[in-house]
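Enquirer:
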Amino acid sequence: MSNPHDEVANSIDVAPGDEHLEGSIAQRVIGYLTGLGLAILLTATSFFVAGTDLVWQPSIPVALVVLALAQMGVHLVFFLHITTGPDNTNNVLALAFGVLIVVLVIGGSLWIMANLNHNMMPMDQLMQMQR
Amino acid sequence: MSTIALTESHHGATVTREWSGPASKRIVTGYGFWIFILSDMIMFSAFFATYAVLLGQTAGGPTGHDLFDLRNVAIETAFLLASSFTCGMASIAADTRNTTSFQLAMVVTCAFGLGFLVLEGQEFASLVLRGAGPTRSAFLSAFFTLVGCHGLHVSAGILWLLTMMAQVFTKGFRPDIQRRILCFALFWHALDIIWIAVFTVVYLLGSAK
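Here's what the structure looks like:
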């Protein structure tokens, strides 16, 4: 009970950031190396796409966002060890709720502010009215 | 911790599943800290929303396209990614109770983190010197708030990293120290995730326009 290794080995679920139950050191290092390789690949692609003339220009912002989301997924899986296993349900649910709030905050702000901008009288007309 | 077989009745069918007692302290701590990290990300989402709304409000001043140096950002990104990897190595060393590897991996993580902060500090200083400080326009205020807040988190992470090195040095790999190392690793990896959003939204999209 006092040994944290036994605690981890005996428990049915895994904390975020924790190793999976039957992971040897080599397997865990390979996991981090895989994550590092994928992250480098995605980052390099992002920087390449941002500066290149080889792709259709209007597609670049979408491509950058998709690459960033993919890299966040890679980090979550290989570095933070968020998995789809039944032992990780609590962490995944908390993450899903967090993502919902983040989408609401960013999307909602942009939507509302764009709407306000659209409906606001141009500044020079507003000045005229105050005279 | 012995395994208990539970028998329950679901709509007439009898289901037997195993229950090995309440989750260990390590799992509860990790879950709680994960909730904190998510709340931190929600705070960052508010800064991102502010930045996105104020992106065009340059008050006649410089835009991101005029200001950002992508080579500098690429090096910062590489530093943070490398530090995330060495932080993972430190977690493995902590779990195997290898003090030398742990301290070594933490020193390397700290060096990469400091390198990131130095580059960011140089960037901020050169922006202020060029008259593009946070007071120049709403766009630059939002930029300094968002990127500076991430930089503050990295600084706090480095202080925490040094604390963990000192605690392992004086107290060894006690279970409570191990849980703190787990939380620190979560924090450090989460900072790298936020940096992905920063370099994509602020720097790459900002200099593309």
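The listed protein sequences derive, respectively, from chains A and B.
Take the first sequence: its position 120, counted from the start at 1, is 122 in this note's numbering, and no numbers get skipped.
Take the second sequence: its position 55, counted from the start at 1, is 982 in this note's numbering, and no numbers get skipped.
C-beta atoms are modelled at their ideal positions from N, C-alpha and C, and glycine is treated no differently.
Just so it is clear, the structure is predicted and the values come from calculations on it, not from any experiment.
#1: Any C-beta of chain B sitting closer than 8 Å to the C-beta of residue 39 (chain A)?
#2: Which residues of chain A have a Cβ atom closer than 8 Å to the Cβ of residue 972 (chain B), listed in chain order?
#3: In chain order, what residues of the region 1121-1133 of chain B put their CB closer than 9 Å to some CB of chain A?
#4: Kindly give me the distance between the Cβ atoms of residue 1084 (chain B) and residue 1040 (chain B), rounded to whole angstroms, as I take these residues to be in contact under 8 Å.
#5: Pick out the complete alpha helix (DSSP H) segments inside the region 970-1002 of chain B, 4 residues or longer, and give them in chain order.
#6: What separation, rounded to the nearest whole angstrom, lies between the Cα atoms of residue 1101 (chain B) and residue 1109 (chain B)?
#7: Alpha carbon to alpha carbon, what distance is there between residue 993 (chain B) and residue 957 (chain B)?
#8: How long is the line joining the alpha carbons of residue 93 (chain A) and residue 86 (chain A), rounded to whole angstroms?
#9: Going by CA-CA distance only, name the one from A:56, A:58, A:67 that's closest to residue 48 (chain A).
#10: Please tell me whether residue 1097 (chain B) has its Cβ less than 8 Å away from any Cβ of chain A.
#11: Between the alpha carbons of residue 1093 (chain B) and residue 103 (chain A), how many angstroms are there, rounded?
#12: Reducing DSSP to helix, strand and coil, say where residue 98 (chain A) ends up.
#13: Going by CA-CA distance only, name the one from B:1007, B:1019, B:1031, B:1131 that's closest to residue 1080 (chain B).
Expert: Inspection of the coordinates gives the following:
#1: no
#2: 103, 104, 107, 108
#3: 1123, 1124, 1126, 1127, 1128, 1130, 1131, 1132
#4: 7 Å
#5: 991-994
#6: 12 Å
#7: 43 Å
#8: 10 Å
#9: A:67
#10: no
#11: 37 Å
#12: helix
#13: B:1007
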